[in-house]
Amino acid sequence: MNNQKITLSPKIKNFVYFQPEVLRMLLLGFSAGIPYLLVFGTFSFLLKDAGVSRSEIGFATWIGLTYSIKVFWAPVVDNFKLPVFGELFGKRKSWLLVTQLGIISCLLAISFTQVSSNSYTLVVLFAFFTAFLAATQDIVIDAFRVESNDDKKQGAAAATYVMGYRLAMIVTGAGALIIAEHYSWETSYQVMALCMGVGLLGWLLSPEPEHKNEPLGESDLERKVSRKVASLFSNQLTRQNIQDNKAFQYFVKAILSPFVDFFTRYKWWALAIIALILTYRISDIVMGTLANVFYDDMGFTKTEIAAVSKVYGLVMTILGAFIAGYVVNKMKILSCMLLALILVIVTNLLFAYMSAQPKDLNFLIAVISADNLAGGFSMGVLISYFAMLVNKEFTATQYALFTSLMTLPGKFIGGFSGVNIDNWGYPIFFTYSALLGVPAIMLIFVLMYREKRLKAQETKKAE
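Using my numbering, you'd call the opening residue of the sequence shown number 2 and step up by one each time.
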C-alpha cells in the first residue's frame, strides 16, 4: 500500500483565494448578507402578502437608510471596546458577536408578529432594529476584511465576501420565498434566523485582526487637530484645558481625525471622490427597490422568481464579483468602475424594454443574468476601491463613511419608487433609474483627469 502523501504545489497553495484570511470572508460575507433582504426585498413581499399598498411598501424601504447613516455610530464601534466581551474576545470580535446575536433575536421577533394592512407598525419596528444591528455588523466585518488582508489580497477578499453575501441572498431570497409559499412567513423567518449560525461559525474561526491602537491624543494628527480646534479660543488657559480634556481627546480621535485624514490626503479632490461614491450606485439601488413587486406584477410566480432572480441571477452576481477581483489586478481601478457603470445602465434599460413586453420566462432569465453579472462586477470593483481609499488607522469609521455615502441617495430616492411607478409606469421608471447613473460616469472622468495630472507631476519630478 502506497502511503505517500499528496502535496500541493506552492503555486496552488499560495493561490490568493485559498488563503485562510480570504476564505473566512466567505462566512462573514454570508453573515452580512442574511439580514439585508429580510428587511428590504423579501420584507416587501411579506408586506405585500399582508395587503400593504405599494406606496406604503416603498416608504417602508426607508428602513434600509440605517445602512446609509451607519457612519454616525461607526466611530463608537471603531474606538469603544465592549465591557466583558471586549476583554474576552477583542474589540472587533466582541462587537461582531453582539450584533449577530441581536440579529437572530430580531428575526425571531418578526416571525412571531402578526402583520396586516391596518397594523404593521410593530413588524416594521422589528425590521428597523434588525437593519440597525445589521448595519453595525457591516461596520465590524468591513474592518475585519481590510485589517486582515494586505493590499494584494483586498480584491480577492472583496470577491469572496461578495460571494458569501450573495449566497446568503439566495437563501434569504429564494429560500425565504419558497418556505413562505409552502409553509408560512413565520416559519420562513425562523429558518433565516437559524442561518445566522453560519455567521457565528465565521466569528468562531476568525482571529481578532491587528489594528492600530495608539494611545489617546498621542498621534501627530490628533495633536494637530487638537491644536487647531483649541486655537479658536483666545484664552491660553482655556486652550490648554480643552486639549487636556479626555472627552475632547476622544472626540478628536473618533470623530474629527478620520475625516481630517481623508481630506488631508486627497485635498479638494476628496469632494469629487465623495460625489462619485454618492452617485455610483444610485441607478442600481433605485432599480432594485421594488424589483420583486415588478416581477410579481408581470405575472411570475414566487417559485419562478426564486428560481431565476434569487438563484441563477445571484450565481451570476458571484461570477461578476470574481471577474472584478481578477480585472482589478489587470486594469486601473477607475477604468474598471467606468466599465461597471456602463454595464449597469445598459441592464437597467433592458428592464425598461422587458416591462413593455408580454411575460416571457426566458427573457427574464437573460435580463436578470445580465443585471446580476453587472451588479456583482460593480460591487466587487467598488469594494476594492474603498479598500484603496481607507487609512487602516481609521478603518471602521472611514469605511463606514464610504459605504454610508454609497447607499444614502439611492435608498432615499428609492423610497419614492412606488409612487413613481404608480404615476409613470415601469418603462419610464426603469429608463429614469438608468439615467441616474450618468453623473457618476462624468465624475469618473474628472478623477481620471486627476490621475493623469498626478502621473505627469511624478514624471516631471523624476526628470
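Glycine included, every Cβ here is placed at the ideal spot set by N, Cα and C.
The beta carbons of ILE324 and PHE378 sit closer together than 8 Å. For a cut-off of 8 Å, the C-beta gap from GLN155 to SER385 is around 6 Å, short enough to register as a contact. In this chain, the alpha helix (DSSP H) harbouring GLU182 covers 177-183. The Cβ atoms of ALA401 and GLY42 do not sit closer than 8 Å to each other. Rounded to whole angstroms, GLY52 and TYR121 show a C-alpha spacing of 10 Å.
By the Cβ test, the stretch 121-130 is in contact with the stretch 53-70, since at least three Cβ pairs between them sit closer than 8 Å. Per the Cβ contact rule, the stretch 130-148 is in contact with the stretch 387-402 (3 or more Cβ pairs under 8 Å). Excluding its 5 nearest sequence neighbours in each direction, MET193 has C-beta neighbours in its own chain below 8 Å: ILE35, LEU39, LEU108, VAL172, THR173, GLY176, ALA177, listed in chain order. In the structure shown, the three-state DSSP call for LEU195 is helix. DSSP, read as helix, strand or coil, puts PHE378 in helix. With fewer than 16 other Cβ atoms inside 10 Å of its own Cβ, ALA357 counts as exposed.
Here VAL368 is not near ASP285, since their CB atoms are 8 Å or more apart. Non-local beta-carbon contacts of ILE278 in its own chain, meaning distances under 7 Å to residues more than five positions away in sequence, involve PHE403, LEU406, MET407 in chain order. Inter-residue distance for VAL99 and LEU362 is about 43 Å (C-alpha atoms, whole angstroms). DSSP places MET170 in the uninterrupted alpha helix (DSSP H) bounded by 155-171. Rounded to the nearest angstrom, the Cβ distance from TYR68 to ALA136 is 5 Å, consistent with a contact under 8 Å. For MET299, there is no enclosing alpha helix (DSSP H), as DSSP gives it neither H nor E. Taking 8 Å as the cut-off, the Cβ atoms of LEU350 and THR432 count as close. Counting only runs that start and end inside the stretch 301-358, the alpha helix (DSSP H) elements of at least 4 residues fall at 303-308, 314-328, 334-356. Here the alpha carbon of SER207 sits roughly 35 Å from the alpha carbon of MET288.
Classified as exposed, VAL420 has fewer than 16 neighbouring CB atoms from the shown chains inside 10 Å of its CB. If you look at ASN424, you'll find it in the alpha helix (DSSP H) that goes 418-425. According to the DSSP assignment, TYR121 belongs to no alpha helix (DSSP H), since it is labelled neither H nor E. DSSP places GLN138 within a helical segment (H, G or I) once states are collapsed to three. The continuous stretches of alpha helix (DSSP H) do not include GLN115, and DSSP gives it neither H nor E. Take ALA132, set aside five residues on each side of it, and the residues of its chain with a beta-carbon closer than 6 Å to its own are VAL40, ILE64, THR67, in chain order. Distance from the Cα of VAL77 is smallest, within the candidate group VAL199, ALA159, LEU257, for LEU257. By the 16-neighbour rule on beta-carbons within 10 angstroms, ALA248 is exposed. In the three-state DSSP reduction, THR404 falls in the helix class (H, G or I). Counting along the chain, LYS229 sits inside the alpha helix (DSSP H) bounded by residues 221-231. Counting along the chain, the unbroken alpha helix (DSSP H) around THR280 starts and ends at 270-281. Going by C-alpha positions, LYS333 is about 47 Å away from GLN241.
PRO410 carries a helical assignment under DSSP once its states are collapsed to helix, strand and coil. Going by DSSP, SER258 is part of the alpha helix (DSSP H) stretching over 258-267. Residue LEU102 holds the alpha-carbon nearest to the alpha-carbon of PHE130 among GLU148, SER370, LEU102, PHE417. Spanning the alpha carbons of THR265 and LEU205 requires a straight line of approximately 38 Å.
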